[in-house]
Amino acid sequence: MAPPGRPARAAAQGHRRGAGAVPRVQCHGKVPGPVTESTDVRFGVRATVPCRACLSGEDLDWLGGRSVSVALGLPTVVTTVPGPPPPPTGDWADQVWDFLRTRLTGLPPRPPATEVTSEAPSASGLSSSTALIVGLFRAYTDAGVPASDPVPVATLAQWAYEFEFRHFNGGGMDHLAVIEGGALLLEGRPTGLPAVVERAGFPADWAVLVLDSASRKDTSDHIRTVRAQLRDGDPALAAYLKEADTASADAWSAIGSGELGALAEAMDRAHTAMRDHQRMSTPLLEALRAAALRSTGLTLKLSGAGGGGALVGVCRAADADDIAAALRETLRTEHPDARVIPTRASAGIVPEAHTSRPRHLPDQMNGS
Numbered sequence: 110m111a112p113p114g115r116p117a118r119a120a121a122q123g124h125r126r127g128a129g130a131v132p133r134v135q136c137h138g139k140v141p142g143p144v145t146e147s148t149d150v151r152f153g154v155r156a157t158v159p160c161r162a163c164l165s166g167e168d169l170d171w172l173g174g175r176s177v178s179v180a181l182g183l184p185t186v187v188t189t190v191p192g193p194p195p196p197p198t199g200d201w202a203d204q205v206w207d208f209l210r211t212r213l214t215g216l217p218p219r220p221p222a223t224e225v226t227s228e229a230p231s232a233s234g235l236s237s238s239t240a241l242i243v244g245l246f247r248a249y250t251d252a253g254v255p256a257s258d259p260v261p262v263a264t265l266a267q268w269a270y271e272f273e274f275r276h277f278n279g280g281g282m283d284h285l286a287v288i289e290g291g292a293l294l295l296e297g298r299p300t301g302l303p304a305v306v307e308r309a310g311f312p313a314d315w316a317v318l319v320l321d322s323a324s325r326k327d328t329s330d331h332i333r334t335v336r337a338q339l340r341d342g343d344p345a346l347a348a349y350l351k352e353a354d355t356a357s358a359d360a361w362s363a364i365g366s367g368e369l370g371a372l373a374e375a376m377d378r379a380h381t382a383m384r385d386h387q388r389m390s391t392p393l394l395e396a397l398r399a400a401a402l403r404s405t406g407l408t409l410k411l412s413g414a415g416g417g418g419a420l421v422g423v424c425r426a427a428d429a430d431d432i433a434a435a436l437r438e439t440l441r442t443e444h445p446d447a448r449v450i451p452t453r454a455s456a457g458i459v460p461e462a463h464t465s466r467p468r469h470l471p472d473q474m475n476g477s
């Protein structure tokens with residue numbers, strides 16, 4: 110993936126007659142027979158996908174329990190473009206296209222060329238990879254099926270989840286968060302997408318401050334470890350589940366009531382549970398977190414499972430620039446590679462994502 114803000118040409122090929130050509134492709138919602146006829150795809154199709162911060166409940170989207178996410182205005186943009194394609198590389202673009210060809214009839218053998226830009230830090234726990242994958246799914250399907258019969262967003266979410274599950278064996282919070290946008294309270298389950306319990310608009314006068322530690326996050330080993338804990342009935346995991354689920358409930362209540370202090374307290378408890386029970390934090394992240402609290406009073410929480418990545422905090426939008434400037438000055442000498450990025454909550458990829466009705470949960474679930 111290209112550095113933030115820089116275009117990158119993704120794998121592409123396929124016969125075309127020209128921009129705007131409408132293909133004859135049908136979505137069946139199930140695996141069709143072998144593709145026997147290829148057609149053109151449209152160029153200039155753009156998919157803009159936010160990233161997301163997890164405010165509480167990492168791993169609970171597949172362990173079971175409540176988690177809280179908010180989509181962030183640090184978008185990944187995937188655009189289909191004309192031009193000679195590079196050779197196949199086996200990257201995400203190739204793999205997503207191959208996945209779609211088993212589910213949609215009439216797609217050509219190779220995907221269209223794409224340009225990708227992203228404002229989200231990569232490997233940071235902000236779901237930049239999921240944003241890219243969802244962007245590819247959205248751009249490819251919008252370019253490759255008739256505009257009169259688009260692939261439903263619920264199908265896109267399911268396909269993107271299935272695609273990533275094959276690689277990472279994790280949950281579906283990220284897919285719902287970047288597709289739905291806003292703030293979500295989710296109920297996790299062992300397989301499949303988590304249930305959307307409630308949706309909310311993030312308070313308009315709040316901002317999210319991202320502190321990218323510049324230490325890369327890798328969740329693959331983490332997920333394997335946690336699945337082993339689950340299989341073995343590890344008491345540390347049970348304690349984490351209980352505390353994180355309760356923190357999520359309190360974080361969601363604070364968002365609904367607009368109580369910034371209560372949200373910070375819930376996020377602090379969620380981070381503490383991640384660190385003390387599941388060892389998800391690192392000495393660098395703890396040093397950055399302490400520096401932020403000392404210099405600005407802002408409580409930061411690790412976003413995303415696994416070590417490394419970004420910390421996130423929520424503050425008044427009117428104070429965001431001043432807090433960011435003070436934090437940059439604090440980190441300038443001892444942590445020059447760290448980046449401070451103020452941002453706001455974001456909408457999702459399409460209004461259609463908000464049509465389903467939320468389902469309410471009891472206060473106690475999954476033994477919490």
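In my numbering, each residue carries its 1-based index in the sequence shown increased by 109.
Glycine residues also receive a C-beta, built at the ideal position from the N, C-alpha and C atoms.
{"Query": "Within 8 Å (strictly less), CB to CB, does G280 reach chain C?", "Result": "This model lacks chain C altogether; it includes just one protein chain."}
{"Query": "Helix, strand or coil for R388 per DSSP?", "Result": "coil"}
{"Query": "Check whether the stretch 338 to 349 touches the stretch 313 to 327, counting contact only when three or more Cβ pairs, one atom from each stretch, lie closer than 8 Å.", "Result": "no"}
{"Query": "Tell me, which residues are paired with W492 by DSSP?", "Result": "This structure gives no information on residue 492, because the portion of the chain shown stretches from 110 to 477."}
{"Query": "Near Y249, what residues of its chain come up, given a Cβ to Cβ distance below 7 Å and the 5 sequence neighbours on each side ignored?", "Result": "V205, W206, L209, P220"}
{"Query": "Is T300 buried or exposed, if buried means 16 or more other CB atoms sit within 10 Å of its CB?", "Result": "exposed"}
{"Query": "Who are the Cβ neighbours of T408 in its own chain at under 7 Å, not counting the five residues just before and after it?", "Result": "A373, M376, D377, L402, G422"}
{"Query": "If I measure Cβ to Cβ from M389 and keep anything under 8 Å in the same chain, skipping five residues before and after, which residues do I get?", "Result": "E167, H331, M383, L411, A414, G415, G416"}
{"Query": "From G280 to D446, what does the alpha carbon distance come to, in whole angstroms?", "Result": "30 Å"}
{"Query": "So A309 is in the beta strand (DSSP E); what residue range does that whole segment cover?", "Result": "304 to 309"}
{"Query": "Suppose the cutoff is 8 Å on Cβ atoms and the five residues either side in sequence are ignored; what does the same chain contact list for R437 look like?", "Result": "V449"}
{"Query": "To the nearest angstrom, how far is it from the Cα of A363 to the Cα of P191?", "Result": "47 Å"}
{"Query": "Kindly indicate which three-state DSSP category E296 falls into: helix, strand or coil?", "Result": "strand"}
{"Query": "Grab the span of the alpha helix (DSSP H) containing V94 for me, first residue to last.", "Result": "Since the displayed the chain opens at 110 and closes at 477, residue 94 lies outside it and no answer follows."}
{"Query": "On the criterion of 16 or more Cβ atoms from any shown chain inside 10 Å, does S366 qualify as buried, or is it exposed?", "Result": "exposed"}
{"Query": "What's the C-alpha gap between E443 and L393?", "Result": "11 Å"}
{"Query": "In whole angstroms, what separates the C-alpha of T211 from that of A371?", "Result": "47 Å"}
{"Query": "Return helix, strand or coil for G365, following the three-state DSSP convention.", "Result": "helix"}
{"Query": "Which of the three DSSP states is assigned to L409 in this structure?", "Result": "coil"}
{"Query": "If I'm right that A426 touches A316 with Cβ under 8 Å, what's the distance once you round it to whole angstroms?", "Result": "4 Å"}
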